[in-house]
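To keep things clear, I will list the structure first and then write my remarks on it.
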Amino acid sequence: MAWPPYHLMARDYLAEAKRKYERLERLYHVGHKQAWDGKQLLGDLLKKHGGIRLAPEKKKALAEIFSTILWGELAAWSISADLALQIEDTEAKMAATSQVFDEARHFYTLRDYLLALDVEIPPLDGYTHTVLVELLDTHRLVDKLLGMQLIVESVAVTLFKTVAMARVEPVLSDLMPYFERDEARHVGLGVLYLPKLLATLGPIEAARLKVMQLKIVTLIGWGTHLKKPYFEELGIDNNDSFRRGMRLNREVMDGMRSADREEPPGVLLGSAQAMRLNDWAIDLFFPRIGAELPAWQRAIVGVVDGLSKVGDRALRLAA
Amino acid sequence: MRSIYRNVVAAGMFLVRMLMLGLMALLQLTVGGAEIRPPAGTTA
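Sequence lines, in order, name chains A and B. The letter at position 316 of the first sequence is residue 316 when you use the numbering used here, and the numbering goes up by one with no holes. The number in the numbering used here is simply the position in the second sequence, starting from 1, with 1000 added.
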């Protein structure tokens, strides 16, 4: 590719880009306006709530769940930097660049919070490790955008909202809305820019992308089984979380549809059949906390929980 | 090599999950008893 890209200064190109990507450029400016100081915010919250006071078993459960988030933020930092480097359109490049700053802030704020929590941070589970390493290693822009911006960031938005609502620990609950607001912008980058990339996909590439999404969603599902005892310890209902995630996913998909309501090619989660299957899977695999289960469901969910440990060990061998 | 190994394990985990889901769906349709709530997009 010839450099510099002189077309970026051509007036007809600029007019077209402004028409198509004005909202992407706005993500950059909004990100700049809404930037917050993680050091100051965390310090203020710790002072306001008199530090972190939590029973040791709850601290352990928080560390188990937030170690995943911590390393996820580090991966998102690198991946958004990759996006800023690879994307050619100025407006999308600006949005990705803004995300790099957000993710750096998320990482150091969460690191400082976990240090203040004063508990041993467990190593990353095999499922999350696999998802993050594959997104870090791929050179495909579309894989990074679809995998990180739409799936992983959507899971993060849902988790931040759930943790804030559960009021597990007041400092964390007050911190989460700041993370959530930033992550919603990151999902926006995927929603606004992906349709352009997906529109050029051939059938083989579209099928490959669907397999990749299926893999990520499968690994997230197993990973949630693995962490179930810790979610339960914190009073977080995975059934509610997954349902909230599904609603967010539907909103995201609606945002990506063309003017005639067609889904972009290569996206797995948007079809009505897939949504119905997901609804059943959520209720059968992740029954509500306190729901009365038939014996067969209790037995099978117990087997699945046990198998999640086997899969974790198998994937850790490749870590 | 690691990537191939991860793909094989992930494919196996997908297969097991689908088998478990199929089994549970079958039991729900025949024996019943599990709570199936309205679609996620229609609840508050």
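A virtual CB, placed ideally from N, CA and C, is assigned to each residue, including glycine.
- Residues of chain A whose Cβ lies closer than 8 Å to the Cβ of L1023 (chain B) are, in chain order, I300.
- Under the rule that a run must span 4 or more residues, the alpha helix (DSSP H) segments found entirely inside the segment 163-213 of chain A read 170-198.
- Neighbours of L1027 (chain B) in chain A, taken as residues whose beta carbon is under 7 Å from its own, are W296 in chain order.
- Between the segment 19-39 of chain A and the segment 96-108 of chain A there are three or more inter-stretch CB-CB distances shorter than 8 Å, so the stretches are counted as touching.
- The Cβ atoms of H225 (chain A) and F179 (chain A) do not sit closer than 8 Å to each other.
- Interface residue (Cβ-Cβ distance to chain B less than 8 Å): V157 (chain A) is not classified as such.
- If you look at M1020 (chain B), you'll find it in the alpha helix (DSSP H) that goes R1002 to T1030.
- For P177 (chain A), the closest alpha carbon among the candidates A:L189, A:A17, A:D12 and A:A35 is that of A:A35.
- Taking 8 Å as the cut-off, the beta carbon of L132 (chain A) is found no closer than this to the beta carbon of L209 (chain A).
- Interface flag for D283 (chain A) against chain B is set, since a Cβ pair is found closer than 8 Å.
- The three-state secondary structure of S241 (chain A), taken from DSSP, is helix.
- Close CB contacts of H129 (chain A) within its chain, under the 6 Å cut and outside five residues either way in sequence, are with A319 (chain order).
- At a cut-off of 3 residues, not a single continuous stretch assigned as beta strand (DSSP E) sits fully inside the segment 63-107 of chain A.
- In this structure E169 (chain A) does not touch L110 (chain A) by the C-beta definition: roughly 13 Å separates them, more than the 8 Å allowed.
- The C-beta distance from S67 (chain A) to L124 (chain A) rounds to 6 Å, short enough to fall under 8 Å.
- Linking V171 (chain A) to D137 (chain A) through their CA atoms gives a straight-line distance of about 34 Å.
- Between the segment 38-57 of chain A and the segment 189-204 of chain A, the count of Cβ pairs shorter than 8 Å is below three; the stretches do not touch.
- Closest by C-alpha distance to Y108 (chain A), out of A:L42, A:R185, A:D118 and A:A199, is A:L42.
- In this structure, the straight-line span from the alpha carbon of D143 (chain A) to that of P294 (chain A) is close to 40 Å.
- From the beta-carbon of V304 (chain A), the residues of chain B found nearer than 7 Å are M1020.
- The shortest C-alpha to C-alpha distance from I1036 (chain B) to any of A:I289, A:A281 and A:A299 is the one to A:A281.
- Membership of G31 (chain A) in the alpha helix (DSSP H) is indicated by the continuous run R11 to K33.
- Here DSSP, grouped into helix, strand and coil, assigns V267 (chain A) to coil.
- Selection A:A17, A:L268, A:W3 and A:D260 evaluated against M212 (chain A) yields A:L268 as nearest (Cα-Cα).
- Close partners of L293 (chain A) in chain B (Cβ separation under 9 Å): G1033, A1034 and E1035.
- Proximity of K33 (chain A) to chain B, defined by a Cβ-Cβ separation below 8 Å, is not satisfied.
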